[in-house]
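Chains A and B supply the protein sequences, listed in that same order. For the first sequence, the residue numbers in the working numbering are 434 to 1033. For the second sequence, the residue numbers in the working numbering are 434 to 1033. Note that CB positions come from ideal geometry on N, CA and C, so glycine has one too.
Number of protein chains: 2
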Amino acid sequence: MQFHDSGYVSGDPRVQPAAGPARPVELPDRVDALIVGAGPAGMAAFAQLSQFPQVSTRLIERRPGRLEIGQADGLQARSIESFQAFGFAQRLVEEAYRIYSMAFWRPSPQEPTHIVRTGLVPDDPSGISEFPHLILNQARVLDYFAEFAAHSPGRAAPDYGVEFLGLEVTGDADHPVRVDVRHRTGPRQGERHSIRAKYVVGCDGARSRVREAIGRRLVGQDALHAWGVMDVLAETDFPDFRTKCAIQSHDGGNILLIPREGGYLTRFYVDLGEVPENGDHDVRSTSLETIVARAGRILHPYSLDVRDVPWWSVYEVGHRLTDRFDDVYERGREPRVFIAGDACHTHSAKAGQGMNVSIQDGWNIAWKLGLVLDGRARKSLLGTYSAERQVVAQNLITFDQEWSSLMATPAQNLPGPTYLEDFYVRTFEFPAGFMTRYEPSMLIAEPVYQSLAPGFPIGKRFRSAWVHRVSDTTPVQLGHHARADGRWRIYVFAGPHGEVGEPEKLGHQASFDLKVIYQQPFGEVDLRRVPAVFRPRGGPFRLTDWEKVHATGPEHDIFAEREISRDGAVVVVRPDQYVAHVLPLTAHDELRHFFDGIFL
Amino acid sequence: MQFHDSGYVSGDPRVQPAAGPARPVELPDRVDALIVGAGPAGMAAFAQLSQFPQVSTRLIERRPGRLEIGQADGLQARSIESFQAFGFAQRLVEEAYRIYSMAFWRPSPQEPTHIVRTGLVPDDPSGISEFPHLILNQARVLDYFAEFAAHSPGRAAPDYGVEFLGLEVTGDADHPVRVDVRHRTGPRQGERHSIRAKYVVGCDGARSRVREAIGRRLVGQDALHAWGVMDVLAETDFPDFRTKCAIQSHDGGNILLIPREGGYLTRFYVDLGEVPENGDHDVRSTSLETIVARAGRILHPYSLDVRDVPWWSVYEVGHRLTDRFDDVYERGREPRVFIAGDACHTHSAKAGQGMNVSIQDGWNIAWKLGLVLDGRARKSLLGTYSAERQVVAQNLITFDQEWSSLMATPAQNLPGPTYLEDFYVRTFEFPAGFMTRYEPSMLIAEPVYQSLAPGFPIGKRFRSAWVHRVSDTTPVQLGHHARADGRWRIYVFAGPHGEVGEPEKLGHQASFDLKVIYQQPFGEVDLRRVPAVFRPRGGPFRLTDWEKVHATGPEHDIFAEREISRDGAVVVVRPDQYVAHVLPLTAHDELRHFFDGIFL
Ligand SMILES: Cc1cc2nc3c(=O)[nH]c(=O)nc-3n(C[C@H](O)[C@H](O)[C@H](O)COP(=O)(O)OP(=O)(O)OC[C@H]3O[C@@H](n4cnc5c(N)ncnc54)[C@H](O)[C@@H]3O)c2cc1C
Ligand SMILES: Cc1cc2nc3c(=O)[nH]c(=O)nc-3n(C[C@H](O)[C@H](O)[C@H](O)COP(=O)(O)OP(=O)(O)OC[C@H]3O[C@@H](n4cnc5c(N)ncnc54)[C@H](O)[C@@H]3O)c2cc1C
């Protein structure tokens, strides 16, 4: 965290100084970006855009206020890495349940009506991230995003109680999207009116009306899978009640049991089987008693005494996807309306993807919109949103199908006794959120020089590592300095004699955050010899920023850990933490060319 | 963090459910405990007492509102451990400057008018704590305590703008202390009135009027040491500007340079020499320009271009101490008024003790008052406050004197060229806050069985270590489960076959938090065989608490790390994290006897 550079800040430095035009209390008639829906996708997008105070952004949400309880709860390490950029990873880690192990229970071969534990595997055997895999109510995740937005320069707050009715993309050159809304609460209750927006992001969930308005359709299998989901306070003699478990009983019934934050609450996903998409939805009338009874039977011989059920629902979900995530039907037309999260893809509840992938959608579109709307980047950036995220969703569905059908397969039909456990361990990168690898595009370079830094695969998320900050010798996670401020990061890994190329020639400085990492131990780096571009001066007092120069240390050698060439390399990272480029130190022209394709 | 046990909590679980009688908005005429002064001592005491909702506590502070800037900034690891119990360690770590190294600069032997770096030592070479040594404005530390108090069951908030005028201990059996106050701000401005309190804690700083009222005197050397203290935003080519430095120049001038939170701000302690206690205080009129100029000269040949000075003061301080920290003059009388922090001891600024030791004072008296006032513990507890803390302050002064005189000794007069650096490293436990070792008393047992757990020295703070929680296999810091809730912790380290003695016979359960740690790896512990006392049920739903059973794991063996006997041991820890007792598993009678001496 850097602060006090414009003078002393009394109070919490997490509350950034307000900037940009003051935010009107009333929903204005014209906005740059309008987000529909305050779920994970919408709140992530909103939080990111709140960092662009020159861009007027509003978020409308039908609910009268914050989400109070329920829905998704699985948070992949990839999400926690993202939260780190939004400044709330640590607090969320403290509050959440941490998945450290996963247990597998199956019918005892001797006594099939009794379940027995067949495996206990570490959840993240490879240490794929410096952050853990967590479980926390979606409501709290949204709270944290809301807090970040409120503390951002734009002092953003969602407009609750406002319903999206429909939209039309008009010929208006400046604010082409006309959005019709209705106020459901507050002094304007019942009132309808129109808002004109430059861009609209529909994050309005699986029954998205924004999606409908742009004529996209969720398509997928014919059948949905139904789950009885309940958050319970219960007593049991089941010993793994506080460990994440996949439990299969002898008659095919199965449960995913997920301990929850706070040490007492537990979530049961009780499998209710396949239901036809256009059937009678009989399953929706499944009672809580039925679900509890079914859970009790599956847990046999262990007892289950449910004492309170703060939340439950019957959740029918199938793998569904739209063909594009925007309103572009002809090549070359520029998108004006985007859809994100459940509005464009839904997943089986089993892999716990919903909230996570939606957050990445929202973040992806938002930084692009931010850079375009504040006039720094080319509009063509916006086309990459659908291209990047639709593929991710498709891949997830492929994986989910495999996982879900495995989970539903009776034990005796699986290829081997530990097949399920092995599959889980083998494919851990996927559910943890790290298999996303964006294809080359205007934002992702061809991996021509990938061999200079194999530990930073182009198109994948930048995996942080320890370095020492030279100015104070302190070990820091290199990636954690980057915040969700819409800037790109350029990491210059210096050559054997401190060569750094000529980064000062890059241009577009306001959009970059440039750092250097020397391969020498920190004690051998003389700060006074470090090129001035890594010691920039700023703010009203023209003060030096001392936090951009790093080195290795006795315990931490990022060059070794991330296989960076000792000849040096430049690693370019996007505002959403994905590696965009790896180049030699001397490839200035190529790098400039890459950025000229993005920035104006 | 444990929550949801009484039903689902929507919103931040750090905000505890309100309990006890509602807090009157107006300062009431009668209170159980009255704290004077919202510095570190007062706020720590207040935060602790806010966890006793049945005890009515108020804090009066002369200032019209929160401290905005200035004063102490050094936070020892011992303080961060304490903050962990108050739930804000992590956030504070994120916000603060971390001292990782300390640099020493002295006149170049070749060219004495130039300073050169003579050493760079790790600040905590031995890893004395799981928490780091930090620098953060006192104002922010007070903010965090205030937030904790506001979120406590008592929903406590300081009464700002109220000045303590004097007190008298009367014959009133119930509320013997009459305190006279005056309102300096707000609707009652100018009004004087009296408050009757059961106990008063004077945390009103070095010029304490509470101290005066009870007739104690700060005594010490004849001379004070004067420092020009300034927080600056500056430009310099001094390469260690972001590392903590002790700098001595050829003419005896010296600086302690302390980088501050946020990456830009820096504090200079510029030595202004000794001044007589009852002199003309001429030094107080030293101008900022003089201090800046002196700092610039000492830094020669490096430049210093000060661009902004958000805070500065001339701080005269000497080693001063009162003979007792309460109002007891005759043996056997019971104390009614206590003094804490600078009110009873002041220290050289060099060792950065002021804020830290004051926090420990405040915490020490507050949990004792809490237990006595809510009727659980004997009043004789209160006598231990002065006995424990006066000795600590005396020891600190002895150490400070040695350190300060060393710092002031010209390089050529020191025993050897690296004497200063060596002394710093050798005595690190002291300034880090870990040398406190309370003597045997009703609260600290004689170390008869210390050999059962040499890693938990009786009288010293309980040093946390990693264990695995059996119910979910997750590694946790054993000590971090303990919060500043006024409860004692009893850690039962089980014997070779899981023997645990008979802890259920202890009594006083409401005041205890009982945990077991098995020496077996977590996979070998069968939760169903663990004695019920370690799986207590509570709350409206009578739910099992799953977080009290621990074990070792492949990476963490607390038995080895803390040298715990394989025969098992019981370790008793006080509410303020100090080890009170170590006993064999079978010593029930002794343990009960120990507690019978404390609890009613
Ligand atoms: C009832 C339910 C139960 C679920 N249970 C689970 C679960 O157990 N496990 C799991 O992993 N996932 C679950 N999910 C899915 C998970 O919550 C989603 O994947 C995730 O929330 C997707 O985020 P999102 O932002 O795309 O959409 P959502 O979180 O659905 O958010 C959409 C938002 O848009 C708002 N909105 C909708 N229409 C309008 C409109 N016309 N105007 C204004 N606002 C509108 C909604 O009120 C909502 O706040 C559940 C979802 C639902 C709805
Ligand atoms: C000006 C100044 C500069 C300092 N600089 C440094 C430094 O550079 N480095 C360092 O390590 N330490 C410094 N200290 C010391 C450090 O701040 C103290 O050691 C530490 O704050 C002690 O905490 P405390 O709670 O005992 O007292 P304090 O922090 O002094 O708090 C006492 C509180 O009591 C209030 N009070 C006083 N009288 C009354 C009354 N009659 N009625 C109601 N309220 C009253 C005061 O307003 C104050 O808020 C400085 C102290 C001061 C005053």
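Quick check: the Cα distance between residue i and residue j, rounded to an integer number of angstroms?
i	j	result
Ser-884 of chain B	His-914 of chain A	46 Å
Ile-493 of chain A	Gln-504 of chain A	20 Å
Ser-483 of chain A	Ala-452 of chain A	10 Å
Ile-997 of chain B	Ala-522 of chain B	28 Å
Pro-873 of chain B	Glu-624 of chain B	47 Å
Arg-811 of chain B	Gly-1030 of chain B	8 Å
Tyr-1011 of chain B	Pro-1017 of chain B	19 Å
Val-554 of chain A	Val-448 of chain B	35 Å
Pro-672 of chain B	Leu-960 of chain A	6 Å
Ile-950 of chain A	His-1021 of chain B	59 Å
Pro-954 of chain B	Leu-947 of chain B	20 Å
Glu-957 of chain A	Arg-531 of chain B	21 Å
Leu-569 of chain A	Asp-506 of chain A	5 Å
Asp-990 of chain B	Gln-823 of chain B	37 Å
His-733 of chain B	Val-725 of chain B	13 Å
Ala-639 of chain A	Asp-738 of chain A	34 Å
Gly-795 of chain B	Pro-880 of chain B	26 Å
Pro-848 of chain B	Arg-916 of chain B	46 Å
Closest by CA to residue i, which one among the options?
i	options	result
Phe-1028 of chain A	A:Asp-670, A:Glu-527 and A:Ile-923	A:Ile-923
Ala-589 of chain A	A:Leu-1018, A:Arg-650, A:Val-448 and A:Thr-490	A:Thr-490
Gln-543 of chain B	B:Tyr-593, B:Asn-687, B:His-683 and B:Thr-699	B:His-683
Ala-630 of chain B	B:Ala-841, B:Val-488, B:Phe-436 and B:Glu-710	B:Val-488
Asp-655 of chain A	A:Gly-685, A:Arg-531, A:Arg-642 and A:Gly-751	A:Gly-751
Thr-551 of chain B	B:Ile-647, B:Val-634, B:Gln-681 and B:Pro-457	B:Gln-681
Lys-981 of chain B	B:Gln-910, B:Asp-741 and B:Glu-707	B:Gln-910
Met-875 of chain B	B:Thr-817, B:His-930, B:Trp-836 and B:Trp-899	B:Thr-817
Leu-689 of chain B	B:Glu-668, B:Gly-695, B:Val-662 and B:Leu-666	B:Val-662
Val-652 of chain B	B:Phe-516, B:Cys-636, B:Trp-921 and B:Asn-711	B:Asn-711
Met-840 of chain B	B:Ile-798, B:Ala-784 and B:Val-824	B:Ala-784
Ile-691 of chain B	B:Ala-606, B:Tyr-748 and B:Leu-567	B:Leu-567
Ala-572 of chain B	B:Ser-627, B:Glu-563, B:Glu-528 and B:Trp-538	B:Glu-528
Can you name the residues that DSSP bridges to residue i?
i	result
His-983 of chain B	B:Arg-902 and B:Ile-950
His-1014 of chain A	A:Val-1005
Thr-699 of chain A	A:Val-665 and A:Pro-692
Met-535 of chain B	B:Val-554 and B:Lys-677
Asp-704 of chain A	A:Trp-660
Trp-921 of chain A	A:Phe-945
Asp-759 of chain B	B:Phe-771
His-930 of chain B	Beta-bridge pairing links His-930 of chain B to no other residue.
Thr-719 of chain A	Paired residue(s): none; Thr-719 of chain A is not in a bridge.
Trp-744 of chain B	B:Asp-664
State yes or no: is the C-beta of residue i nearer than 7 Å to some heavy atom of ligand 4?
i	result
Ser-791 of chain B	Within the structure as shown, ligand 4 is missing, the only ligands being ligand 1 and ligand 2.
| Any chance the stretch 770-778 of chain A sits against the stretch 877-892 of chain A, with 3 or more Cβ pairs inside 8 Å? | no
| query | Residue ranges of each beta strand (DSSP E) run of no fewer than 3 residues wholly in the stretch 634-679 of chain A, ordered along the chain? | reply | 656-669
| query | Does the stretch 451-468 of chain B come close enough to the stretch 785-793 of chain B that 3 or more CB-CB pairs lie under 8 Å? | reply | no
| request: May I ask you to verify whether the stretch 822-834 of chain B touches the stretch 468-477 of chain B, counting CB pairs closer than 8 Å and requiring at least 3? | output: no
| query | Quick one: any contact between the stretch 987-1004 of chain B and the stretch 925-937 of chain B, if contact means 3 or more CB pairs under 8 Å? | reply | yes
| Contact the stretch 850-863 of chain A vs the stretch 697-709 of chain A: 3+ CB pairs below 8 Å | no
| field | Secondary structure, alpha helix (DSSP H): runs of 4+ residues fully inside the stretch 770-823 of chain B | value | 787-806
| said: With a threshold of 8 Å, are at least 3 pairs of Cβ atoms found where one atom belongs to the stretch 842-858 of chain B and the other to the stretch 800-815 of chain B? | reply: no
| What are the uninterrupted segments assigned as beta strand (DSSP E) that are 3 or more residues long and contained completely in the stretch 556-598 of chain A, given in chain order? | 566-568
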